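S.K.:
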Amino acid sequence: MPKDVPHVSEISIAKLTDNPYPCFDRIRDRASAVWVDSARLNLVTRFDDIMEIERNHHIFASTNPQSLMNTVMGHSLMRKDDAPHQAERKAIEPSFRPGVVKQHFAPIFSAIADELLDGIAANGQADLFDAFAAPMASHALIELLGLDGVGWQDLARWSQALMDGVGNYGADPDIANRAKDASDAVDRVIDKALPRHLKSKNPTILSSMAHAPTLHGIDQIRANVKVIIGGGLNEPRDAILTSLHGLLSHPDQLAAVRADPSLHSAVFEEAVRWVSPIGMYPRRVTCETTLGDTPLKEGDQLGICVGAANRDPSRFTRPNDFDIHRPRQQHLAFGAGPHFCAGTWVARQMVGEIAVPRLLRRLKGLRLDSQKTVQVRGWVFRGPTSLPVLWDA
Ligand code: HEM
Numbered sequence: 076m077p078k079d080v081p082h083v084s085e086i087s088i089a090k091l092t093d094n095p096y097p098c099f100d101r102i103r104d105r106a107s108a109v110w111v112d113s114a115r116l117n118l119v120t121r122f123d124d125i126m127e128i129e130r131n132h133h134i135f136a137s138t139n140p141q142s143l144m145n146t147v148m149g150h151s152l153m154r155k156d157d158a159p160h161q162a163e164r165k166a167i168e169p170s171f172r173p174g175v176v177k178q179h180f181a182p183i184f185s186a187i188a189d190e191l192l193d194g195i196a197a198n199g200q201a202d203l204f205d206a207f208a209a210p211m212a213s214h215a216l217i218e219l220l221g222l223d224g225v226g227w228q229d230l231a232r233w234s235q236a237l238m239d240g241v242g243n244y245g246a247d248p249d250i251a252n253r254a255k256d257a258s259d260a261v262d263r264v265i266d267k268a269l270p271r272h273l274k275s276k277n278p279t280i281l282s283s284m285a286h287a288p289t290l291h292g293i294d295q296i297r298a299n300v301k302v303i304i305g306g307g308l309n310e311p312r313d314a315i316l317t318s319l320h321g322l323l324s325h326p327d328q329l330a331a332v333r334a335d336p337s338l339h340s341a342v343f344e345e346a347v348r349w350v351s352p353i354g355m356y357p358r359r360v361t362c363e364t365t366l367g368d369t370p371l372k373e374g375d376q377l378g379i380c381v382g383a384a385n386r387d388p389s390r391f392t393r394p395n396d397f398d399i400h401r402p403r404q405q406h407l408a409f410g411a412g413p414h415f416c417a418g419t420w421v422a423r424q425m426v427g428e429i430a431v432p433r434l435l436r437r438l439k440g441l442r443l444d445s446q447k448t449v450q451v452r453g454w455v456f457r458g459p460t461s462l463p464v465l466w467d468a
């Protein structure tokens, strides 16, 4: 019989949400997998252990019959493995090809960024969360999906309600009702847009799914659209804000990027390593096994803490520092293995090549507003919730 997984009781959700990194350090020092009471999960924080997990998806599965995600959104590719996963991944793939992103979507993202910047440039001050990053990510996702007549605030609200529903472990009925309302609203906008995409093939995700021979029925389309709404909006938003936060709090690095715009891709990779927008995702153990120094049982639920692995000192020197000049090296912000983020190219273009460079070019003298505080929160999802700035209008 395997021994019990090591156990840590004094890590609260409040501590994790406020600043997870000291908690991650303690867990990483302790063992390969550590049971954390408050999270009700065995958290995995070491880089090499996560690579091992992602290389062995038959032992560490994404399929999970207890998943709240399936209840709230339907059964999407994120909670499937092997052939069923590949069939759905293949169905969305045409919209995410680097060439399609660059030629079709990049000009659309650029127009969105410019319009938002036109709207605020004369103001000289803003909280970039609401004024830029949230509408940028939301408008871009509406275009990627191919939805008609949807406002950016609607999509942002549905995304939040769906994600709150997925995290509703306490079965709060208000959260469950809001998630159900959001899910119904998304179904209605899919129903409205689908006939157009069926009639004429185009690069959007709805069109790719509507014409995919590997998808069978509306339920598969609905579940995967919801998972993309849940996972494709907050992450680019948070990556925009974290990139700007990192640069504005390191003026020497900001000056280096202004002098050499080819550094923008390093800014993006370093931002998502430093504060990974998805800090944790789940896996289920399918058979008795050992991960590093820790024995595990069939059915154990793991929390894969890529936010911790991306600050693993055995992998990254000075891991807590934001440093765009660090040597290029693999990070885990987009996961690894068969579920590696489908939207990586979209995020690199939207955030690293378009939103952040255009904003820095347009808002001269951009600086943090020293009279206000930057707030950064979360551990499952993490990013600035407020980024107050000033510039020379
Ligand atoms: C900086 C931005 C982003 C980050 C950091 C990010 C991160 C991740 C991570 C860590 C996973 C793996 C989850 C797992 O293995 O369980 C993932 C999966 C996924 N992401 Fe992203 N993501 C980003 C942007 C996007 C965007 C913009 C889209 C779509 C518009 C997207 C669509 C997806 C999809 C569909 C999956 C599931 C892939 C699969 O299960 O095969 N992501 N993402």
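Take the sequence shown: its letter number 321 is residue 396 in the working numbering, and every next letter is one higher. Don't be surprised by glycine CBs; every beta carbon is placed ideally from N, CA and C. Computed from a predicted structure; not experimentally measured.
Say the cut is 7 Å; is the CB of methionine 153 nearer than that to a heavy atom of the ligand HEM?
M.R.: On the sequence shown, residue 153 is found 78 positions in, with the first residue counted as 1. Yes - the ligand HEM has a heavy atom lying nearer than 7 Å to the Cβ of methionine 153.
S.K.: Ignore the nearest five residues each way along the sequence and tell me which others in phenylalanine 456's own chain have a CB closer than 8 Å to its CB.
M.R.: Here residue 456 refers to the residue found at position 381 when the sequence shown is read from its first residue. Only Met238, Asn309, Glu310, Asp313, Pro352, Ile353, Gly354 meet the Cβ criterion.
S.K.: Tell me which same chain residues have a C-beta within less than 6 Å of the C-beta of leucine 118, skipping the five on either side of it?
M.R.: Translated into positions along the sequence shown, residue 118 becomes position 43. Once the five neighbours on either side are set aside, the close Cβ partners of leucine 118 are Ile102, Val109, Val111, Gly378, Cys380.
S.K.: List the DSSP bridge partners of tryptophan 227.
M.R.: Residue mapping note: residue 227 aligns to position 152 of the sequence shown, counting from 1. For tryptophan 227, which the question treats as bridged, DSSP gives no partner whatsoever.
S.K.: Should alanine 89 be labelled buried (16 or more other beta-carbon atoms within 10 Å of its own) or exposed?
M.R.: Here residue 89 is taken as the residue at index 14 of the sequence shown, counted from 1. Exposed, because fewer than 16 other Cβ atoms sit within 10 Å of the Cβ of alanine 89.
S.K.: Would DSSP call aspartate 112 helix, strand or coil?
M.R.: As a first step, residue 112 is located in the sequence shown; it is residue number 37 there, counting from the start. Residue state, collapsed to three classes: coil.
S.K.: Using the Cβ count rule (16 or more neighbours within 10 Å means buried), how would you classify glutamate 190?
M.R.: Along the sequence shown, read from residue 1 onward, the residue named residue 190 stands at position 115. By the neighbour-count rule (16 or more Cβ atoms within 10 Å), glutamate 190 is not buried but exposed.
S.K.: Report the residue from Ala197, Pro81, Trp454, Glu344 whose alpha carbon sits nearest the alpha carbon of tyrosine 356.
M.R.: For the purposes of this step, residue 356 is taken as the residue at position 281 of the sequence shown. Per the Cα distances, Trp454.
S.K.: Could you tell me whether the Cβ of valine 426 comes closer than 8 Å to any Cβ of chain B?
M.R.: Although the question refers to chain B, the structure presented lacks it and comprises just one protein chain.
S.K.: Is any heavy atom of the ligand HEM found at a distance shorter than 7 Å from the C-beta of proline 370?
M.R.: Taking the sequence shown and counting its residues from 1, the one referred to as residue 370 is at position 295. Not so, every heavy atom of the ligand HEM lies at least 7 Å from the Cβ.
S.K.: What is the rounded straight-line gap between the Cα of lysine 78 and the Cα of aspartate 375?
M.R.: As a first step, residue 78 must be located in the sequence shown, where it is residue number 3. As a first step, residue 375 must be located in the sequence shown, where it is residue number 300. Confidence is the limiting factor: at lysine 78 the pLDDT is only 49, short of 50, which leaves the residue's position unreliable and the question unanswerable from this model.
S.K.: So, is arginine 403 buried or exposed, given that buried needs 16 or more other C-beta atoms within 10 angstroms?
M.R.: Residue numbering aside, residue 403 sits at position 328 when the sequence shown is read from its first letter. By the neighbour-count rule (16 or more Cβ atoms within 10 Å), arginine 403 is not buried but exposed.
S.K.: Per DSSP, what kind of secondary structure is glycine 374 in: helix, strand or coil?
M.R.: Within the sequence shown, numbered from 1, the residue matching residue 374 stands at position 299. It is coil, neither helix nor strand.
S.K.: Taking valine 360 as part of the beta strand (DSSP E), name the residues at either end of that continuous run.
M.R.: In the sequence shown, the residue the question calls residue 360 occupies position 285. Valine 360 -> beta strand (DSSP E) spans 356–360.
S.K.: Within 7 Å: the Cβ of phenylalanine 180 and any heavy atom of the ligand HEM?
M.R.: For this step, residue 180 is matched to residue 105 along the sequence shown. Every heavy atom of the ligand HEM is 7 Å or more from the Cβ of phenylalanine 180, so no.
S.K.: Flag this pair as yes or no: are the beta carbons of arginine 437 and alanine 162 separated by less than 8 Å?
M.R.: Numbered from its first residue, the sequence shown carries residue 437 at position 362. Numbered from its first residue, the sequence shown carries residue 162 at position 87. No.
S.K.: Tell me the DSSP secondary structure of asparagine 309 in three-state form.
M.R.: Start at 1 with the first residue of the sequence shown, and residue 309 comes out as number 234. In the structure shown, the three-state DSSP call for asparagine 309 is helix.
S.K.: For threonine 279, which three-state DSSP category applies?
M.R.: Counting from one through the sequence shown, the residue named residue 279 turns up at place 204. Note: threonine 279 maps to coil in three-state DSSP.
S.K.: Under 7 Å from any heavy atom of the ligand HEM, does the C-beta of histidine 339 make it?
M.R.: Here residue 339 refers to the residue found at position 264 when the sequence shown is read from its first residue. Checking the Cβ of histidine 339 against the ligand HEM gives no.
S.K.: Suppose the cutoff is 6 Å on Cβ atoms and the five residues either side in sequence are ignored; what does the same chain contact list for asparagine 153 look like?
M.R.: Counted from its first residue, the sequence shown places residue 153 at position 78. For the sequence presented, residue 153 should be read as methionine rather than asparagine. Result list for methionine 153: Val302, in chain order.
S.K.: What first and last residue would you give for the beta strand (DSSP E) that runs through leucine 465?
M.R.: In the sequence shown, residue 465 corresponds to position 390, counting from 1. Where leucine 465 is concerned, the enclosing beta strand (DSSP E) stretches over 463–465.
S.K.: As a quick exercise: from Val464, Ala422, Leu192, pick the residue whose alpha carbon is nearest that of phenylalanine 171.
M.R.: For the purposes of this step, residue 171 is taken as residue 96 along the sequence shown, with counting starting at 1. When only C-alpha atoms are compared, the closest one is Ala422.
S.K.: Using 8 Å as the threshold, is the C-beta distance between threonine 369 and proline 81 below it?
M.R.: Here residue 369 refers to the residue found at position 294 when the sequence shown is read from its first residue. Here residue 81 refers to the residue found at position 6 when the sequence shown is read from its first residue. Yes, these two residues count as a Cβ contact at 8 Å.
S.K.: Among Ala411, Thr460, Ser445, which one has its Cα closest to the Cα of arginine 452?
M.R.: The residue you call residue 452 lines up with position 377 of the sequence shown. Residue Thr460 is the option with its Cα nearest to arginine 452.
S.K.: Would you report the Cα separation of lysine 255 and valine 147, rounded to the nearest angstrom?
M.R.: Counted from its first residue, the sequence shown places residue 255 at position 180. Counted from its first residue, the sequence shown places residue 147 at position 72. Their Cα atoms are separated by approximately 7 Å.
S.K.: Please report the Cβ distance between leucine 316 and alanine 208, rounded to the nearest whole angstrom; I am assuming they are in contact, meaning their Cβ atoms lie under 8 Å.
M.R.: As a first step, residue 316 is located in the sequence shown; it is residue number 241 there, counting from the start. As a first step, residue 208 is located in the sequence shown; it is residue number 133 there, counting from the start. Leucine 316 to alanine 208, Cβ: 5 Å. Contact.
S.K.: Check whether the Cβ atoms of valine 350 and glycine 458 lie closer than 8 Å to each other.
M.R.: Working through the sequence shown from its first residue, we reach residue 350 at position 275. Working through the sequence shown from its first residue, we reach residue 458 at position 383. Cβ distance < 8 Å, so valine 350 and glycine 458 count as in contact.
S.K.: Closest by CA to proline 173, which one among Gly418, Glu85, Ala246, Gln235?
M.R.: In the sequence shown, the residue the question calls residue 173 occupies position 98. Looking at the Cα atoms, Gly418 is the closest of the given residues.
S.K.: How about alanine 417: is its Cβ closer than 7 Å to a heavy atom in the ligand HEM?
M.R.: On the sequence shown, residue 417 is found 342 positions in, with the first residue counted as 1. Result yes, Cβ under 7 Å from the ligand HEM.
S.K.: Are glycine 412 and histidine 160 closer than 8 Å when you measure CB to CB?
M.R.: Sequence index remark: in the sequence shown, residue 412 carries index 337 (1-based). Sequence index remark: in the sequence shown, residue 160 carries index 85 (1-based). Cβ distance not < 8 Å, so glycine 412 and histidine 160 don't count as in contact.
S.K.: Rounded to a whole number of angstroms, what is the C-alpha to C-alpha distance between alanine 287 and arginine 271?
M.R.: For this step, residue 287 is matched to residue 212 along the sequence shown. For this step, residue 271 is matched to residue 196 along the sequence shown. If I take the Cα positions, the gap works out to 15 Å.
S.K.: So for lysine 78, helix, strand or coil by DSSP?
M.R.: The residue given as residue 78 occupies position 3 in the sequence shown. Confidence at lysine 78 is low in this model, with a pLDDT of 49, below 50, so its placement is unreliable and the value that follows should be read with caution. Lysine 78 falls in the coil class under three-state DSSP.
S.K.: Under the three-state reduction of DSSP, which class applies to proline 97: helix, strand or coil?
M.R.: The residue labelled residue 97 in the question sits at position 22 within the sequence shown. Helix at proline 97.
S.K.: Which class does glycine 458 belong to by DSSP, given the choice of helix, strand or coil?
M.R.: For the purposes of this step, residue 458 is taken as residue 383 along the sequence shown, with counting starting at 1. Three-state DSSP puts glycine 458 in a strand.
S.K.: Judging by CA-CA distance, which residue of Ser151, Trp233, Leu371, Gly321 is the nearest neighbour of serine 107?
M.R.: Residue numbering aside, residue 107 sits at position 32 when the sequence shown is read from its first letter. Closest by alpha carbon: Leu371.
S.K.: Assign arginine 145 to one of three DSSP states: helix, strand, or coil.
M.R.: Position 70 of the sequence shown holds residue 145. Reading the sequence as shown, one finds asparagine at residue 145 and not arginine. Looking at asparagine 145 - three-state DSSP - the assignment turns out to be helix.
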